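In the order they appear, the protein sequences are chains A and B. Those letters in the first sequence? Residues 1 to 359, per my numbering, in order. Those letters in the second sequence? Residues 1 to 343, per my numbering, in order. Using N, Cα and C, we set each Cβ at its ideal position, and we do this for glycine too. Please read all numbers here as calculations on a predicted model, not as lab measurements. Structure, as structure tokens:
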Amino acid sequence: MAANETFLITGASGFIGGWLVETLRLSGAADVRAGIRRWSSAVRLARFPVDIVACDVLDPEQIAQAMDGVTHVIHCVSGSPEAIVQGTANALEVAHKLGIRRFIHLSTTEVYGEPSGEVDETYTLQSFGNPYGDAKIEAEKLCWQYHDKGLPVTVIRPTIVYGPFSGTWTVYLARRLQSGQWSIFEGRGEGVCNLVYVADLVTGILLAARSDQAVGEAFNLSGPETLSWNDYFRRFNAALGLPELATKPPSRARLRSTVMVPVRMTARVVRDNFEAPVKRVAQRFRPAKKLMQVLEQFIVTTPRLSELSLYNRQATYVTHKAQDVLGYRPRYDVDAGLDLTVQWLRHVGLADEHNQPEQ
Amino acid sequence: MPEHLSTKPPTIACIGCGAIAERYYLPALARHPSVLEKLILVDRDDARARAMADQFNVKRWVPDYHAALDEIDAAIVALPTNLHHPVSMDLLTRGVHVLCEKPLAESADKAREMVEAAGKAGVVLAANYQQRLFASFIKVKQLLDDGTLGKPRAITYRVGEVFAWPTVSGFYFNAQTSARGILRDRGAHVLDIICWWLGGKPTLIVSQNDSFGGSEAVACVQFEHDGCTGEVKLSWLSKFPCWYEVACERGAVEGDVYDYRSILLQTGSGRQRRLALPTREKLYTDIAYRIVGNFVRAVAGQEAPIVPGADVLNSIEFTDECYAAATRFDLPWYDIPEVQHGR
Numbered sequence: 001m002a003a004n005e006t007f008l009i010t011g012a013s014g015f016i017g018g019w020l021v022e023t024l025r026l027s028g029a030a031d032v033r034a035g036i037r038r039w040s041s042a043v044r045l046a047r048f049p050v051d052i053v054a055c056d057v058l059d060p061e062q063i064a065q066a067m068d069g070v071t072h073v074i075h076c077v078s079g080s081p082e083a084i085v086q087g088t089a090n091a092l093e094v095a096h097k098l099g100i101r102r103f104i105h106l107s108t109t110e111v112y113g114e115p116s117g118e119v120d121e122t123y124t125l126q127s128f129g130n131p132y133g134d135a136k137i138e139a140e141k142l143c144w145q146y147h148d149k150g151l152p153v154t155v156i157r158p159t160i161v162y163g164p165f166s167g168t169w170t171v172y173l174a175r176r177l178q179s180g181q182w183s184i185f186e187g188r189g190e191g192v193c194n195l196v197y198v199a200d201l202v203t204g205i206l207l208a209a210r211s212d213q214a215v216g217e218a219f220n221l222s223g224p225e226t227l228s229w230n231d232y233f234r235r236f237n238a239a240l241g242l243p244e245l246a247t248k249p250p251s252r253a254r255l256r257s258t259v260m261v262p263v264r265m266t267a268r269v270v271r272d273n274f275e276a277p278v279k280r281v282a283q284r285f286r287p288a289k290k291l292m293q294v295l296e297q298f299i300v301t302t303p304r305l306s307e308l309s310l311y312n313r314q315a316t317y318v319t320h321k322a323q324d325v326l327g328y329r330p331r332y333d334v335d336a337g338l339d340l341t342v343q344w345l346r347h348v349g350l351a352d353e354h355n356q357p358e359q
Numbered sequence: 001m002p003e004h005l006s007t008k009p010p011t012i013a014c015i016g017c018g019a020i021a022e023r024y025y026l027p028a029l030a031r032h033p034s035v036l037e038k039l040i041l042v043d044r045d046d047a048r049a050r051a052m053a054d055q056f057n058v059k060r061w062v063p064d065y066h067a068a069l070d071e072i073d074a075a076i077v078a079l080p081t082n083l084h085h086p087v088s089m090d091l092l093t094r095g096v097h098v099l100c101e102k103p104l105a106e107s108a109d110k111a112r113e114m115v116e117a118a119g120k121a122g123v124v125l126a127a128n129y130q131q132r133l134f135a136s137f138i139k140v141k142q143l144l145d146d147g148t149l150g151k152p153r154a155i156t157y158r159v160g161e162v163f164a165w166p167t168v169s170g171f172y173f174n175a176q177t178s179a180r181g182i183l184r185d186r187g188a189h190v191l192d193i194i195c196w197w198l199g200g201k202p203t204l205i206v207s208q209n210d211s212f213g214g215s216e217a218v219a220c221v222q223f224e225h226d227g228c229t230g231e232v233k234l235s236w237l238s239k240f241p242c243w244y245e246v247a248c249e250r251g252a253v254e255g256d257v258y259d260y261r262s263i264l265l266q267t268g269s270g271r272q273r274r275l276a277l278p279t280r281e282k283l284y285t286d287i288a289y290r291i292v293g294n295f296v297r298a299v300a301g302q303e304a305p306i307v308p309g310a311d312v313l314n315s316i317e318f319t320d321e322c323y324a325a326a327t328r329f330d331l332p333w334y335d336i337p338e339v340q341h342g343r
């Protein structure tokens with residue numbers, strides 16, 4: 001292991017960024033610097049004696065300070081389309097100026113749009129109206145522009161990443177399953193769920209960061225097995241020790257999701273503009289608090305239409321290139337990954353019968 | 001309505017203009033116009049002090065409290081935890097009354113020094129352990145003290161809230177100033193309330209956390225006191241209902257930690273009923289208003305501090321014991337190939 005490596009992880013307070021910091025710190029494989037935007041998001045990282053630095057990717061001066069003395073940058077910033085696109089542009093520009101040895105950009109398989117069949121890295125990137133995917137497409141274009149200017153860039157396209165600290169595919173899904181309102185989506189949940197356990201993804205990213213053959217390349221990173229979304233729900237549900245899931249007819253699932261569209265929009269407007277007064281009302285009046293909890297639970301347990309579409313997508317993101325070029329060998333099958341995931345959920349009090357959210 | 005202050009209001013310095021000053025102390029001080037009139041803000045970040053002065057109509061601010069020592073009668077110490085002891089000691093030994101943010105000090109030894117210094121100087125040392133004002137917790141204390149439910153047999157206390165405090169300095173996570181996390185922060189309230197309910201310091205059985213040399217984000221403590229066992233679980237990494245239960249010989253009481261206007265009471269018959277508790281404090285800022293008002297009146301000798309510094313020594317000593325005995329949780333998800341190869 002090269003002793004003179006210093007990694008900067010941007011977006012280090014996020015799910016994957018945090019895992020990269022922790023893994024590098026625990027392995028002692030390289031010096032690591034954790035770039036964050038707000039101190040309040042440092043709680044997970046601060047458990048380790050790591051160098052935590054301010055690195056708002058919309059602030060080029062902060063980026064320059066954070067990248068000073070760094071050899072490798074792993075760019076994990078997510079968030080708004082602006083943060084993704086402009087933040088990536090800023091990070092690339094500073095990395096290029098400073099002559100950073102390697103720049104790893106974390107993208108997503110959502111850049112392929114809504115494909116079907118086997119999808120490898122040669123598949124054309126396609127917008128399908130998903131702001132996150134679209135922003136990542138723009139960010140990748142910027143990456144290749146800077147690669148052409150001489151910055152050694154690698155792009156990583158992870159699939160559905162789950163595991164400890166995952167919000168969407170672990171904590172949120174566990175909450176849905178625990179609600180008793182989640183179900184198997186008959187005819188709509190048989191699409192391919194391309195899961196990758198987060199430790200496998202981290203291993204793949206670090207392999208790419210140290211492979212000269214990875215420069216100028218993009219890699220899909222997925223897990224060792226694929227299953228249907230309904231299978232994922234069933235297996236996660238079983239790992240949590242919950243009663244068997246009911247099956248919901250396709251028309252009913254779609255109807256409920258459609259009905260919830262305006263409800264979600266209204267809730268978002270209220271949250272964005274009136275959060276403080278609404279919280280005050282809830283604090284003062286118990287019925288108001290109860291009503292809000294019921295509404296929130298209803299929103300949480302109803303999949304968005306875009307989610308129903310994802311659960312039905314028949315695409316398998318293949319990782320032959322990562323296996324051949326990087327020697328990537330994902331180790332965690334779904335049962336092994338879910339076992340660790342549920343142990344973590346219990347540890348943080350999210351799979352404990354005493355700590356279930358109020359119904 | 002501001003409470004009546006029968007004597008000349010003291011000149012107070014609010015030392016530290018971080019998030020706790022902005023969200024808690026200054027809104028409360030603003031409801032005491034006669035105190036606000038003479039208030040002096042202190043922060044070495046001039047822009048921050050100026051911004052707070054503008055926001056709360058404070059006329060004066062200085063970068064260093066030493067510049068105001070000749071003028072002030074009292075101070076609110078709203079600084080990072082590692083500064084509570086040195087700054088409070090400096091003030092107390094100069095005869096300045098102190099209201100100190102929780103935790104009173106980083107260790108029981110330091111807290112004891114502060115209490116002794118206040119005693120020697122004959123000044124007030126009050127601590128902002130505002131949960132002692134929760135009507136729910138006061139009711140639990142009454143029920144335990146008057147024997148309505150018999151002796152306590154088991155206490156469970158859980159707090160799961162994703163850390164979102166808008167810390168300005170980030171001192172919580174600075175290894176140079178702090179390597180302590182949720183047990184010292186949220187746990188300061190929890191362990192204080194438990195010691196208060198039990199009337200003494202429990203005996204530690206098990207203490208675990210998830211620190212790898214930094215500030216822990218998840219902690220679990222098990223204890224025993226006079227036939228009553230207990231478990232506290234705290235998490236900054238996840239949100240779950242913040243909830244407590246005290247099971248006693250002849251019943252039990254439980255509640256949502258932050259619903260301080262009611263408790264669920266179960267008496268010998270097994271029937272559980274919600275007990276609404278009258279309280280003037282509807283919001284957190286109301287509690288801050290009462291704490292600050294109490295401090296002002298304590299300085300004037302009109303009433304005793306709600307939480308004198310000496311009252312929290314037990315919980316700080318217990319916190320010290322928890323840290324000293326802490327072992328790391330088994331965290332198998334970090335047992336991954338990259339880490340194993342590195343080792």
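Cutoff 9 Å: residue i Cβ touching any chain B Cβ
{"i": "proline 287 of chain A", "result": "no"}
{"i": "glutamine 283 of chain A", "result": "yes"}
{"i": "threonine 23 of chain A", "result": "yes"}
{"i": "arginine 280 of chain A", "result": "yes"}
{"i": "glutamate 52 of chain A", "result": "Note that residue 52 of chain A corresponds to isoleucine in the displayed sequence, not to glutamate. Judged by the 9 Å Cβ criterion, isoleucine 52 of chain A is in contact with chain B."}
{"i": "arginine 33 of chain A", "result": "no"}
{"i": "arginine 235 of chain A", "result": "no"}
{"i": "glycine 163 of chain A", "result": "yes"}
{"i": "leucine 291 of chain A", "result": "no"}
Short Cβ contact (9 Å threshold) for residue i with residue j
{"i": "valine 206 of chain B", "j": "alanine 325 of chain B", "result": "yes"}
{"i": "threonine 27 of chain B", "j": "threonine 203 of chain A", "result": "According to the sequence displayed, residue 27 of chain B carries proline and not threonine. Contact flag unset, no."}
{"i": "asparagine 237 of chain A", "j": "tryptophan 182 of chain A", "result": "yes"}
{"i": "valine 402 of chain B", "j": "leucine 125 of chain B", "result": "Only positions 1 to 343 of chain B appear in this structure, which leaves residue 402 of chain B out of reach."}
{"i": "tryptophan 165 of chain B", "j": "alanine 19 of chain B", "result": "yes"}
{"i": "valine 96 of chain B", "j": "alanine 75 of chain B", "result": "yes"}
{"i": "aspartate 46 of chain B", "j": "proline 63 of chain B", "result": "yes"}
{"i": "aspartate 56 of chain A", "j": "aspartate 31 of chain A", "result": "no"}
Test: residue i CB closer than 9 Å to a CB of chain A
{"i": "threonine 167 of chain B", "result": "yes"}
{"i": "arginine 290 of chain B", "result": "no"}
{"i": "valine 339 of chain B", "result": "yes"}
{"i": "isoleucine 336 of chain B", "result": "yes"}
{"i": "glycine 160 of chain B", "result": "yes"}
{"i": "isoleucine 329 of chain B", "result": "It is worth fixing the name first, because residue 329 of chain B is phenylalanine in this sequence and not isoleucine. Cβ-Cβ to chain A under 9 Å: yes for phenylalanine 329 of chain B."}
{"i": "glycine 122 of chain B", "result": "no"}
{"i": "serine 136 of chain B", "result": "no"}
Chain-ordered neighbours of residue i on chain A, where CB pairs are closer than 7 Å
{"i": "phenylalanine 212 of chain B", "result": "Arg47 and Phe48"}
{"i": "phenylalanine 295 of chain B", "result": "Near phenylalanine 295 of chain B there are no residues of chain A at all, since even the closest Cβ is about 24 Å away, more than 7 Å."}
Neighbour list for residue i in chain A, Cβ cutoff strictly below 8 Å
{"i": "serine 215 of chain B", "result": "Val43, Ala46 and Arg47"}
{"i": "alanine 164 of chain B", "result": "Ser40"}
{"i": "proline 332 of chain B", "result": "Leu340 and Gln343"}
{"i": "phenylalanine 173 of chain B", "result": "Trp39, Ala42, Val43, Leu45, Ala46 and Ile52"}
Cross-chain neighbours of residue i in chain B, by beta carbon under 7 Å
{"i": "proline 158 of chain A", "result": "Here the premise fails: no neighbours, minimum Cβ distance about 16 Å."}
{"i": "valine 348 of chain A", "result": "Val218, Ser235, Leu237 and Ser238"}
Cβ shell of residue i (< 6 Å), same chain only, five flanking positions each side left out
{"i": "phenylalanine 329 of chain B", "result": "Gln208 and Asp210"}
{"i": "glycine 150 of chain B", "result": "Cys248, Glu249 and Arg250"}
{"i": "glutamine 266 of chain B", "result": "Gly251, Ala252 and Gln272"}
{"i": "alanine 209 of chain A", "result": "His72, Arg102 and Ile104"}
{"i": "aspartate 192 of chain B", "result": "Tyr129, Val312 and Ser315"}
{"i": "proline 2 of chain B", "result": "Any reading at proline 2 of chain B must be qualified, since the residue scores a pLDDT of 41, below 50, and its modelled position is unreliable; the value itself is stated next. Excluding sequence neighbours, proline 2 of chain B sits near Arg31 and His32."}
Residues near residue i by beta carbon distance below 7 Å, same chain, minus five either side
{"i": "valine 257 of chain B", "result": "Val159, Cys242, Trp243 and Tyr244"}
{"i": "serine 314 of chain B", "result": "Going by the sequence as given, residue 314 of chain B is asparagine instead of serine. Only Cys195, Gly200 and Lys201 meet the Cβ criterion."}
{"i": "glycine 241 of chain A", "result": "none"}
Supposed close pair residue i, residue j - CB separation, criterion 8 Å
{"i": "isoleucine 16 of chain A", "j": "leucine 106 of chain A", "result": "6 Å"}
{"i": "alanine 34 of chain A", "j": "valine 53 of chain A", "result": "7 Å"}
{"i": "alanine 118 of chain B", "j": "glycine 255 of chain B", "result": "In fact, because the Cβ distance is near 34 Å, the residues do not count as touching under 8 Å."}
{"i": "leucine 227 of chain A", "j": "cysteine 193 of chain A", "result": "6 Å"}
Listed by chain order, chain B residues near residue i by CB distance under 8 Å
{"i": "isoleucine 16 of chain A", "result": "By Cβ distance, chain B contributes nothing, its closest Cβ being about 14 Å from isoleucine 16 of chain A, past 8 Å."}
{"i": "alanine 199 of chain A", "result": "Trp333, Ile336, Pro337 and Glu338"}
Proximal chain A residues relative to residue i, where beta-carbon distance stays under 9 Å
{"i": "tyrosine 139 of chain B", "result": "Residue identity differs from the one stated: residue 139 of chain B is lysine in this sequence, not tyrosine. Residues of chain A passing the Cβ test: none, with the nearest at roughly 17 Å."}
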